[in-house]
Structures are given as C-alpha cells and as structure tokens.
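Position 309 of the sequence shown, counted from 1, bears residue number 311 in the numbering used here, the numbering being contiguous throughout.
Ideal Cβ positions, reconstructed from N, Cα and C, are used throughout, including at glycine.
Here's the structure we're looking at; comments come further down.
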Amino acid sequence: MSTQVSGGPSGTGEQGYEVEQGYEDGLRPAPGRGAGDGDTRSLALLMHAAFFLLLGASLARFLLRHPGEARTPWIIGLSIALAVLYVVGPVLGSRPTARSLVWLGGLVVVWMVVVVLAPSFAWCAVPLFYTGLRILPPRAAYALVALLTLFVVAAQLRLAHGFDPNLVLAPPAVAAVATAVFVHMQRQAVRQGRLIDDLLRTRRELAATERREGTLAERQRLSMEIHDTLAQGLSSQQMLLQAADRTWDTDPAAARRHIRTAGGIAERNLAEARRFVHDLAPADLAEGGGLDAALHALAARETAQAQGGLTVRCHIEGAPHTVLPDRTQSALLRIAQGALANVTEHADATEAALTLTHLDDRTVLDIADNGHGFTPTATAPGGVRGGVRGHGLPAMRARLHQLGGTLTIESAPGEGTVVTATVPVAPTPQDPA
Numbered sequence: 003m004s005t006q007v008s009g010g011p012s013g014t015g016e017q018g019y020e021v022e023q024g025y026e027d028g029l030r031p032a033p034g035r036g037a038g039d040g041d042t043r044s045l046a047l048l049m050h051a052a053f054f055l056l057l058g059a060s061l062a063r064f065l066l067r068h069p070g071e072a073r074t075p076w077i078i079g080l081s082i083a084l085a086v087l088y089v090v091g092p093v094l095g096s097r098p099t100a101r102s103l104v105w106l107g108g109l110v111v112v113w114m115v116v117v118v119l120a121p122s123f124a125w126c127a128v129p130l131f132y133t134g135l136r137i138l139p140p141r142a143a144y145a146l147v148a149l150l151t152l153f154v155v156a157a158q159l160r161l162a163h164g165f166d167p168n169l170v171l172a173p174p175a176v177a178a179v180a181t182a183v184f185v186h187m188q189r190q191a192v193r194q195g196r197l198i199d200d201l202l203r204t205r206r207e208l209a210a211t212e213r214r215e216g217t218l219a220e221r222q223r224l225s226m227e228i229h230d231t232l233a234q235g236l237s238s239q240q241m242l243l244q245a246a247d248r249t250w251d252t253d254p255a256a257a258r259r260h261i262r263t264a265g266g267i268a269e270r271n272l273a274e275a276r277r278f279v280h281d282l283a284p285a286d287l288a289e290g291g292g293l294d295a296a297l298h299a300l301a302a303r304e305t306a307q308a309q310g311g312l313t314v315r316c317h318i319e320g321a322p323h324t325v326l327p328d329r330t331q332s333a334l335l336r337i338a339q340g341a342l343a344n345v346t347e348h349a350d351a352t353e354a355a356l357t358l359t360h361l362d363d364r365t366v367l368d369i370a371d372n373g374h375g376f377t378p379t380a381t382a383p384g385g386v387r388g389g390v391r392g393h394g395l396p397a398m399r400a401r402l403h404q405l406g407g408t409l410t411i412e413s414a415p416g417e418g419t420v421v422t423a424t425v426p427v428a429p430t431p432q433d434p435a
C-alpha cells in the first residue's frame, strides 16, 4: 500500500517569503512556528546582554570624558530610563500589539534623545535593530533600521574631528549584516517549523496506514480462520442433513447416523469457535501431540464423517529436526483442513492421503486425492474454480506467504489432484565435531 504524503510549500520565488505559509507578515514566524525555539531564545539573550553592555560602556565613556557637565544628570537619568524600558520589553512579548508598539516607540525616542545629547550611545542601536525586526512588519522594520542607521552615522560624524568615509559606510554595512542575519535565521526557523509539521503529518499518516494495513491483515486472518473452520464445518453439516432428509423415510438408521455425525461436527465447530474467539491454537493442536497427531485425528474424522464415501489416510515421513513453531503447525493443519474440504465438496474422490514430510530445511505437506481433477491453469484468479468463487486456495497461499512458503497444485482432468504446501524450517546448528 502506498501512501501519498502531501507536504507543505516547498519552494520560494524571487519575492521572498511574504506569501509563504507559516508567516504572519513575511518576516516573523507565526506563533509556535519557531518564535520560541532554542536558537531564537539564545539570540534574544545575546542581544539583551549586548544592549546592556553597550549601554554601560557608553555611559562609562561619557562620564570619563565629560565629568561634571550640566547634561550629566540628564544622561544618567535617560540611561536608567532606557535600561528600564528595555527590561519591560520581554514581558510584552514579540507580537505587534498596541502595547508593544508603544513600548518600542518610547524606547527608540529615549535612545534618540540620549544620542543627541551624547553621540557615544549610538552603537546601542545594534540590539535595537533586532528588537525592531522581531516586532514590526518587514517594511516598518526596514524603515526603523534605516532611521536608526542614520542616527548612528550622524552621531559618529559628530564625534569625529573631520569627515571620515568609514564612519559613513561602516554603520550601514553593520545594519545590513545584522538585518540579513536576522532575516536568514527567521527564514530558517520557518523552514524548520514547516519541516517538523511535515514530519509530524507524515508520521500520523504512516501510523494511520499501518493501522489500516493491520486491520486488513487481521480481516484476512479472520476470513481464513472462519473459512477453514466454521464455514467448512457448516458446509459438512448441510451435506449430512440433506443426506439425512433424503433417507429419512427409506433408511431411518442411516438418517440418524448422518444426524449424529452432523452433531459431532457442530460440537467440533463450537470448540473451534471458542478457541477462535480467544485466539488460541486449533482444537486438534490444543489437545496435545503436535502436528503429526493432529493430522492423524483429522484424517480419522474426515473418514468417519464421509461414512464410506471417502477414506483419508495419513502418513508421516521423517522426524522434525526442530520443533515447528506454533504458527507453522496451525497453518499446515488449516491447509490440510481446507484441502480436504475441497476434496469432499468438489473432487468426488473415494481416497485421499495426507503426507507430512520432515526434511532438513523444510517441511512438506501433500494432500492427494483420486478425484476427477481439473486443469490448474483454468483456475481463475482469486480461487474461482468451475465457475464458483472459492476462498480455499487464496487462503492457503496467504498462510504460506506469511511463513515464506509456497503452494503448488498438480492436477489434470480424470487424474486426481495433489496440493503441496512447503514451509522453510531454520536448521538447528550442529555442534562442531
């Protein structure tokens, strides 16, 4: 059974990720889709630490170079306000709510005021890049990054004694790298989230497929068990009761024998049904003695039920080198039951033989009869024989397939039929000489 798994969006065009599933606005991952994973939290902690480190370094530089100035209290107060505002940010979360947008606006305004009073605070903008990119939609985030970059360039030019091209080019380059790294990480987070979703969906579908296959396998097993036990028994009872009905007036003794035999079959079927419900071994195997004894009992029972119409003999050749698994014994016994049922219903035979041969590497069960036979190549797919749909042969093949065995049929019109079931047996390791 093949399962077609449909995955999520797999490719992106030149327009980026703005239309990809998993994004709220093209840049931020949707809630639960990478925003709270380990890498994102690590980057957030790193940016928080960088902000306070840059803020402290800028304040220390200002106090060392401008001691006792009138603007010093303002710088200290604004630095404390900036730190407090920044600490409040994680509490509000990273979604673009009204509170988070007001908070971000207040943070940027306070930083701008501090930069105007003390240009050395300009490099605190790098963590603010991350904060804006994390909260704002893409276009608004890019605009904020550009605005912060302009303030950084202006601040650096104020600190310089003359025009320096590096001061004009370095801040935009840093902002571009920071933005590119952040966007790349967010896209990777969305890809990983989508991949995880696909894997989980595939896992669920595989589990559902396995459940369906298990259900079908169990259904097939049940159908084979019912066919080889209850259905065959009911068919035999029907034949016996019909025979009793035909001879009721002319030969009451024979009719009573048919009824008693049908009662014995009903009792046997009842035992099979109880064991079938409890998923136990076939009744013949459950009585002890193994497969050999079960086949002898089956041959004797079929002969007794036929009442002279069919004689079934059982032969055991060789001795098993290993104890056959319960599954193998059950399968071979069911195959013998099904084959003899076919002989009784279709072959019009007078003699049949069960031959169980134990070889070194395999066990072979032959069921032969002297009936009218048939042409195996004329058997239609699905076990249709003589225009009547049957379940016996497909059930035998299915049982043997599960055990790695094979089923062969040799027959010809007027020459009887031989059904051969072969099951491989793992050899027992011999001790070194």
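- Counting along the chain, E71 sits inside no alpha helix (DSSP H), nor does DSSP assign it H or E at all.
- Per the coordinates, the alpha-carbon of N271 lies some 56 Å from the alpha-carbon of R196.
- Taken atom to atom, the span from the alpha-carbon of T74 to that of L202 is near 58 Å.
- Following the DSSP letters along the chain, one finds H360 inside the beta strand (DSSP E) bounded by residues 353–360.
- Rounded to the nearest whole angstrom, the C-alpha separation of D371 and A354 is 4 Å.
- Beyond the five residues adjoining it in sequence on each side, G311 comes within less than 8 Å, by CB distance, of T352 in the same chain, given in chain order.
- Contact between L87 and W105 holds: CB atoms are separated by about 7 Å, below the 8 Å threshold.
- Counting along the chain, the unbroken alpha helix (DSSP H) around T305 starts and ends at 292–308.
- The continuous stretches of alpha helix (DSSP H) do not include D363, and DSSP gives it neither H nor E.
- In the assembly as shown, Q240 is an exposed residue. Its beta-carbon has fewer than 16 other beta-carbons within 10 Å.
- Burial check for E274: the Cβ neighbour count within 10 Å reaches 16 or more, so the residue is buried.
- Note on D247: under 16 other CB atoms within 10 angstroms of its CB, so exposed under the neighbour-count rule.
- Between G407 and A423, the gap from beta carbon to beta carbon is short of 8 Å.
- The DSSP-derived three-state label of T410 is strand.
- Fewer than three beta-carbon pairs drawn from the region 57–67 and the region 90–102 are found closer than 8 Å, and the two stretches are therefore not classed as touching.
- When C-beta atoms of the region 260–270 are compared with those of the region 330–345, fewer than three pairs fall below 8 Å, so the two segments do not count as touching.
- Pairing V155 with P173 gives a Cβ-Cβ distance under 8 Å.
- DSSP places D200 in the helix class (H, G or I) of the three-state scheme.
- In this structure, D294 is the residue among A148, F53, D294 with its C-alpha nearest to the C-alpha of A321.
- Between the alpha carbons of R223 and V345 lies a gap of roughly 23 Å.
- Short of 8 Å from the beta carbon of L80, and not among the five residues preceding or following it, lie these beta carbons of its own chain, in chain order: V112, V115, V116, L119.
- At a Cβ-Cβ threshold of 8 Å, D368 and H323 do not count as neighbours.
- Put simply, of Q158, E71, L47, Q404 the residue whose alpha carbon is nearest the alpha carbon of L171 is Q158.
- Residue state for P426 is assigned as strand, using DSSP reduced to three classes.
- Between the alpha carbons of V421 and E215 lies a gap of roughly 29 Å.
- Contact between G134 and L146 holds: CB atoms are separated by about 4 Å, below the 8 Å threshold.
- With distances taken between CA atoms, L94 lies nearest to I137 out of I137, W125, A83, P69.
- Here F53 is buried: its Cβ has 16 or more other Cβ atoms, across all protein chains shown, within 10 Å.
- With a cutoff of 8 Å on beta-carbon distance, L358 and L297 are scored as near each other.
- Around the CB of D251, fewer than 16 other CB atoms lie within 10 Å, so the residue is classed as exposed.
- Counting only runs that start and end inside the region 89–134, the alpha helix (DSSP H) elements of at least 4 residues fall at 100–119.
- T346: not part of any alpha helix (DSSP H); DSSP gives it neither H nor E.
- 8 Å or more divides the Cβ of P415 from the Cβ of H348.
- Listed in chain order, the non-local C-beta contacts of Q234 below 6 Å within the same chain comprise A343, local neighbours out to five positions each way being set aside.
- Only residues of its own chain outside the window of five on either side were considered, and among them L312, V314, L342, T346, A354 have a CB closer than 8 Å to the CB of E304, listed in chain order.
- Nearest in C-alpha terms to H317, of all of A306, A301, S332, is A301.
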